[in-house]
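Residue numbers (this note's numbering), protein chains in the order written: chain B, 6 to 382; chain Z, 6 to 382.
Encoded structure:
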């Protein structure tokens, strides 16, 4: 079997929204796509079979966690992350940069990269653009992300510009370090905070270097949905049409709908999985807290329109009981549901774009969400 | 569809060992059988589909936990435990007595029954033979257990005799309270500690009352395997051949093999599930601690002969990583494996009895267990 080259095909558009397909060494991804987060080599609480059943075609793995445990070298010796975690489909890994910045307080930044101590055993580690690319190669990521500095919010224009410039120098070094293999791609990351002209400078720098895809970074860090959408409105038209666009770490269902309308192709977020572990269920009529006593005698499924196991076979009363009893099956079933909800939302968006009916789809989405949960019995 | 009557068919024997079939309202159970424990309406960490895939044909539910949360009344309103937890096959419930004694320190025993306060909300509850039977009816258990007093070990002959006598009076009241329905059965529990003559008195009392099956209680409470087997040797010949025999709360794989050789038909134990959550895996070559560093680079499955998902698709290195990272998937996969191991052991015992080759099977079992785990790579 010959491995297809990494690529992106634009299948259709509806105004600025895009329906596409990413081809990788481990399979294709229909876009717009949502990537569940498999932090430490597992989507918390689910078998890979269950993750695939939700409709997910690609997972995200966290370089920071994996480099510390079990280590990239060990994953490499075990045949790569796909084989290690039994997920034969595509995997995207982040660069590790964001989590070093947000999770590790014992770090030191220089032009060269960032050094830090492991929170697990105190061992010293260095993350440079070159090292991050090499780690992601050992993990066998289909999509590798460049190392960047995630500019904090709020930041002044000067701080943002200087941070973005560093990220662009790191992007050039990342490209240099990336060893091209058939079916494997490297994505650059647009920075520039809330300053559209800096975003344009960043796009120009990245497209000058040339990447297989372009991520928008530094959003969903507290600026709010309206500003995030403004930044997308200002930035996305500058990106090449023939490359996938990935909005990192986003977001809520309405974030996804709005970002798809503006032309984003890929997303990742811990929201459906983390919420699933804390009794927060996403439904076509908004978010539901299953610990709430109103569910304790409710024989109805969480979301009657959902095709997932949790909704087909269990009542709200049972899910409520599992969370109150702190039983593992609660997080398992609700993570399963939330990921199914997210994947079905993406499938709906893809169909709507293909049918050039995205505005109607979005209107119906917001209308249903505004209804709020079904009334208690 | 007419519901078959509750019954037991003795299909074959090999010396004192028995191959049989229990018929209940929710299906049949091939014996000797092992029942996974679904304490609070869930086998911890597994979906019912996964539990069924291990080969389990019947689950045990804990009356004590369920009566406190979500309450038997609520389970009843939700259509019974099978429907509530999405387990359409047979369920056996215990009486709640053992767990009131072992888990609840705010209890008071009288001839009538036991009163106690809930550890969840301080509410006051009474567990009498009649109330226990009624709770188990609301849970819709295919097999109901009589309320008994589990005699502590060690206990003097006098303490044991007096406790056993109380249990026999409660057994008579339980039989009186049990409302017979097609496909539903009531089991008595033989007590008498390590005193064979007291065990015989207990058997005589119970068979005088008449039950659909007979459990042996008060074992595996610290007396050791040798004494447990002696009690079985002394007790089982006194039990009627045409009723199933259930050894409560037992046990290790070698406990199961020895007890089946002596004529036990049914078992329950938290060992495979609890061990699965604490990184202890059962294999054909004994117990393995997956947190041990020797596994961190081992690409081999936990048990190469095992058909379970965990052994077919994952390495010891991956399972080790999951437990070290405290990922839910570790307990999930290892519980799945351990239950599969237990079910396959029971299937092997059933086949061996049918082929009248149980002694050879047991010899091969002990030989493999004595080998110890495969050497590190």
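Think of the CB as a built atom: it goes at the ideal place given N, C-alpha and C, for glycine as much as any other residue. Predicted model, so just to flag it, every value in this text is computed and none were measured.
Chain-ordered chain B contacts of residue i [CB-CB under 7 Å]
{"i": "residue 91(Z)", "result": "318, 319"}
{"i": "residue 388(Z)", "result": "The structure shown does not extend to residue 388(Z), since chain Z spans only 6 to 382, so no value can be given for it."}
{"i": "residue 330(Z)", "result": "45, 74"}
Residue i, enclosing alpha helix (DSSP H) - first and last residue
{"i": "residue 251(Z)", "result": "Where residue 251(Z) is concerned, there is no enclosing alpha helix (DSSP H), although the beta strand (DSSP E) it sits in stretches over 250-252."}
{"i": "residue 4(Z)", "result": "The requested residue 4(Z) does not occur in the structure, where chain Z is confined to residues 6 to 382."}
{"i": "residue 70(B)", "result": "68-73"}
{"i": "residue 171(Z)", "result": "162-182"}
{"i": "residue 220(Z)", "result": "First-last for residue 220(Z): 218-221, but that is the beta strand (DSSP E), not the alpha helix (DSSP H)."}
{"i": "residue 233(Z)", "result": "230-240"}
Run of the beta strand (DSSP E) containing residue i, from where it starts to where it stops
{"i": "residue 294(B)", "result": "291-294"}
{"i": "residue 129(Z)", "result": "129-132"}
{"i": "residue 121(Z)", "result": "119-122"}
{"i": "residue 23(Z)", "result": "22-29"}
{"i": "residue 19(Z)", "result": "12-19"}
{"i": "residue 288(Z)", "result": "285-288"}
The ligand MG heavy atom lying under 7 Å from the CB of residue i
{"i": "residue 293(B)", "result": "Ligands displayed in this structure: none; no statement on the ligand MG is therefore possible."}
Where residue i meets chain B, residues with beta-carbon distance less than 8 Å
{"i": "residue 52(Z)", "result": "314, 334, 337, 338"}
Residue i to residue j span [Cα, whole Å]
{"i": "residue 34(B)", "j": "residue 184(B)", "result": "22 Å"}
{"i": "residue 240(Z)", "j": "residue 230(Z)", "result": "15 Å"}
{"i": "residue 199(Z)", "j": "residue 336(B)", "result": "44 Å"}
{"i": "residue 159(B)", "j": "residue 57(B)", "result": "38 Å"}
{"i": "residue 260(B)", "j": "residue 317(B)", "result": "27 Å"}
{"i": "residue 72(B)", "j": "residue 326(Z)", "result": "12 Å"}
{"i": "residue 37(B)", "j": "residue 55(B)", "result": "21 Å"}
{"i": "residue 235(B)", "j": "residue 197(B)", "result": "13 Å"}
{"i": "residue 226(Z)", "j": "residue 233(Z)", "result": "9 Å"}
{"i": "residue 191(B)", "j": "residue 150(B)", "result": "6 Å"}
{"i": "residue 380(Z)", "j": "residue 343(Z)", "result": "21 Å"}
{"i": "residue 268(Z)", "j": "residue 251(Z)", "result": "10 Å"}
{"i": "residue 288(Z)", "j": "residue 181(B)", "result": "49 Å"}
{"i": "residue 114(B)", "j": "residue 138(B)", "result": "18 Å"}
{"i": "residue 155(Z)", "j": "residue 263(Z)", "result": "23 Å"}
{"i": "residue 79(Z)", "j": "residue 86(Z)", "result": "10 Å"}
{"i": "residue 249(B)", "j": "residue 219(B)", "result": "6 Å"}
{"i": "residue 31(B)", "j": "residue 9(B)", "result": "9 Å"}
{"i": "residue 14(B)", "j": "residue 300(Z)", "result": "43 Å"}
For residue i, the nearest candidate out of the options (CA to CA)
{"i": "residue 322(B)", "options": "127(B), 102(B), 169(B), 293(B)", "result": "293(B)"}
{"i": "residue 39(B)", "options": "30(B), 64(B), 123(B), 53(B)", "result": "64(B)"}
{"i": "residue 297(B)", "options": "68(B), 174(B), 328(B)", "result": "328(B)"}
{"i": "residue 332(B)", "options": "10(Z), 26(Z), 48(Z)", "result": "48(Z)"}
{"i": "residue 238(B)", "options": "211(B), 202(B), 147(B), 67(B)", "result": "202(B)"}
{"i": "residue 357(Z)", "options": "23(Z), 155(Z), 179(Z), 186(Z)", "result": "23(Z)"}
{"i": "residue 265(B)", "options": "133(B), 361(B), 81(B), 382(B)", "result": "361(B)"}
{"i": "residue 43(Z)", "options": "98(Z), 79(Z), 10(Z)", "result": "98(Z)"}
{"i": "residue 315(Z)", "options": "167(Z), 51(Z), 354(Z)", "result": "51(Z)"}
{"i": "residue 339(Z)", "options": "350(Z), 364(Z), 313(Z)", "result": "313(Z)"}
{"i": "residue 91(Z)", "options": "334(B), 213(B), 355(B)", "result": "334(B)"}
{"i": "residue 124(B)", "options": "355(B), 165(B), 70(B), 173(B)", "result": "70(B)"}
{"i": "residue 348(Z)", "options": "300(Z), 278(Z), 374(Z)", "result": "278(Z)"}
{"i": "residue 309(Z)", "options": "330(Z), 299(Z), 286(Z)", "result": "286(Z)"}
{"i": "residue 273(B)", "options": "166(B), 330(B), 222(B)", "result": "222(B)"}
{"i": "residue 172(B)", "options": "305(B), 207(B), 145(B), 32(B)", "result": "207(B)"}
{"i": "residue 128(Z)", "options": "111(Z), 118(Z), 117(Z)", "result": "111(Z)"}
{"i": "residue 153(Z)", "options": "163(Z), 162(Z), 140(Z), 133(Z)", "result": "133(Z)"}
{"i": "residue 66(B)", "options": "194(B), 246(B), 253(B), 341(B)", "result": "253(B)"}
{"i": "residue 41(B)", "options": "301(B), 26(B), 62(B), 311(B)", "result": "62(B)"}
{"i": "residue 228(B)", "options": "350(B), 157(B), 245(B)", "result": "157(B)"}
Residues that residue i contacts on chain Z, provided the C-beta gap is smaller than 7 Å
{"i": "residue 327(B)", "result": "47"}
Within chain Z, the residues that residue i reaches when beta carbons sit closer than 8 Å
{"i": "residue 348(B)", "result": "The contacting residues do not exist; residue 348(B) stays about 19 Å from chain Z at best."}
Whether residue i touches residue j by CB criterion (8 Å)
{"i": "residue 12(Z)", "j": "residue 28(Z)", "result": "yes"}
{"i": "residue 101(Z)", "j": "residue 68(Z)", "result": "yes"}
{"i": "residue 257(Z)", "j": "residue 276(Z)", "result": "yes"}
{"i": "residue 83(Z)", "j": "residue 320(B)", "result": "yes"}
{"i": "residue 105(B)", "j": "residue 121(B)", "result": "yes"}
{"i": "residue 353(Z)", "j": "residue 366(Z)", "result": "yes"}
{"i": "residue 95(Z)", "j": "residue 147(Z)", "result": "yes"}
{"i": "residue 143(Z)", "j": "residue 81(Z)", "result": "yes"}
{"i": "residue 282(Z)", "j": "residue 374(Z)", "result": "no"}
Interface residues of chain B facing residue i [CB-CB closer than 9 Å]
{"i": "residue 296(Z)", "result": "In chain order: nothing, as chain B lies at least about 13 Å away."}
{"i": "residue 79(Z)", "result": "301, 302, 322, 326"}
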